[in-house]
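35 is the number of the first residue of the sequence shown in the numbering used here; add one for each residue after it.
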Amino acid sequence: MAQSIQETQEELIEEFGLFDDWADKYEYLIDLGKKLAPMSDAYKTEENVIKGCQSRVWLHAEKQGDLVVFQADSEAIIVKGMISMLIRVLSNHKPADILAADLYFIDQIGMSQHLAQTRSNGLVSMVKQMQHYALAFS
Numbered sequence: 035m036a037q038s039i040q041e042t043q044e045e046l047i048e049e050f051g052l053f054d055d056w057a058d059k060y061e062y063l064i065d066l067g068k069k070l071a072p073m074s075d076a077y078k079t080e081e082n083v084i085k086g087c088q089s090r091v092w093l094h095a096e097k098q099g100d101l102v103v104f105q106a107d108s109e110a111i112i113v114k115g116m117i118s119m120l121i122r123v124l125s126n127h128k129p130a131d132i133l134a135a136d137l138y139f140i141d142q143i144g145m146s147q148h149l150a151q152t153r154s155n156g157l158v159s160m161v162k163q164m165q166h167y168a169l170a171f172s
């Protein structure tokens, strides 16, 4: 049985809780980005670029059975880490679950306070785009 959105968020909060300072948390975020599954170049199209992000972020979604599966990539390593967390939390879930998800982990791990305003706006844009796909598939 796959983890629920909430269970995955709790897991991320716990992982980030292992680090005392933000330098270490950024390192961990960068590691998460490096572990993101590679995205096919076929999906790195203009229509898959998320609007509202300072750096280029591509997001592709497809429906596999009842579930929405996301793939993403970014040229910016921190952003790649951010989108990798969102994919870990939201990918492989039903559209209704994605739309209903309260993504509290972003605040709990301190992302909101430690990101530059432009990156915070980008994070919001990424979440909105993922919800937009979920809505389209529901």
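Backbone N, C-alpha and C fix where the C-beta goes; we use that ideal spot for every residue, glycine too.
All values reported here derive from a predicted model rather than from experimental measurement.
Q. Three-state secondary structure (DSSP) at Gln37?
A. Position 3 of the sequence shown, counting from 1, holds the residue named residue 37. Coil, per DSSP.
Q) In whole angstroms, what is the alpha-carbon distance linking Ile112 and Ile64? A) Position 78 of the sequence shown, counted from the first residue, corresponds to residue 112. Position 30 of the sequence shown, counted from the first residue, corresponds to residue 64. Cα to Cα, Ile112 sits roughly 6 Å from Ile64.
Q: Compute the distance between the beta-carbons of Leu137 and Val123, then report whether it is under 8 Å.
A: Translated into the one-based positions of the sequence shown, residue 137 becomes position 103. Translated into the one-based positions of the sequence shown, residue 123 becomes position 89. In contact: Leu137 and Val123 (Cβ atoms closer than 8 Å).
Q. Taking the C-alpha atoms as reference points, what is the distance between Thr42 and Glu61?
A. Translated into the one-based positions of the sequence shown, residue 42 becomes position 8. Translated into the one-based positions of the sequence shown, residue 61 becomes position 27. Between Thr42 and Glu61, the C-alpha separation is close to 20 Å.
Q.
Pull the bridge partners of Glu96 from the DSSP assignment, please.
A. On the sequence shown, position 62 is the one that residue 96 refers to. Paired residues: Val103.
**Q.** 3 or more residues per run - each beta strand (DSSP E) lying fully within the stretch 105 to 151
**A.** none
Q: Specify, as a first and last residue, the run of the alpha helix (DSSP H) that Gly67 falls within.
A: Within the sequence shown, residue 67 is the residue found at index 33, counting from 1. Residues Trp56 to Lys69.
Q) Which partner residues of Val158 appear in the DSSP bridge assignment? A) Locating residue 158 in the sequence shown gives position 124, counting from the first residue. DSSP output for Val158 lists no bridge partner at all.
Q. For the candidate residues Tyr77, Glu45 and Asp100, whose alpha-carbon lies nearest to that of Trp92?
A. For this step, residue 92 is matched to residue 58 along the sequence shown. It is Tyr77 whose Cα lies nearest to the Cα of Trp92.
Q: Closer than 6 Å by C-beta to Phe139: which residues in its own chain qualify, once you throw out the five before and the five after it? Chain order, please.
A: In the sequence shown, residue 139 corresponds to position 105, counting from 1. Same-chain partners within the cutoff: Gln43, Leu46 and Ile47.
Q: Could you check which residue in Ile117, Asp58, Gln147 and Asn126 has the C-alpha nearest to that of Cys87?
A: Taking the first residue of the sequence shown as position 1, residue 87 is located at position 53. Considering only alpha carbons, the answer is Ile117.
Q. Thinking just about the alpha-carbon of each residue, which of Ser172, Gln151, Leu52 and Lys114 is nearest to the one in Leu133?
A. In the sequence shown, counting from the first residue as 1, residue 133 sits at position 99. That would be Ser172, whose Cα lies nearest to the Cα of Leu133.
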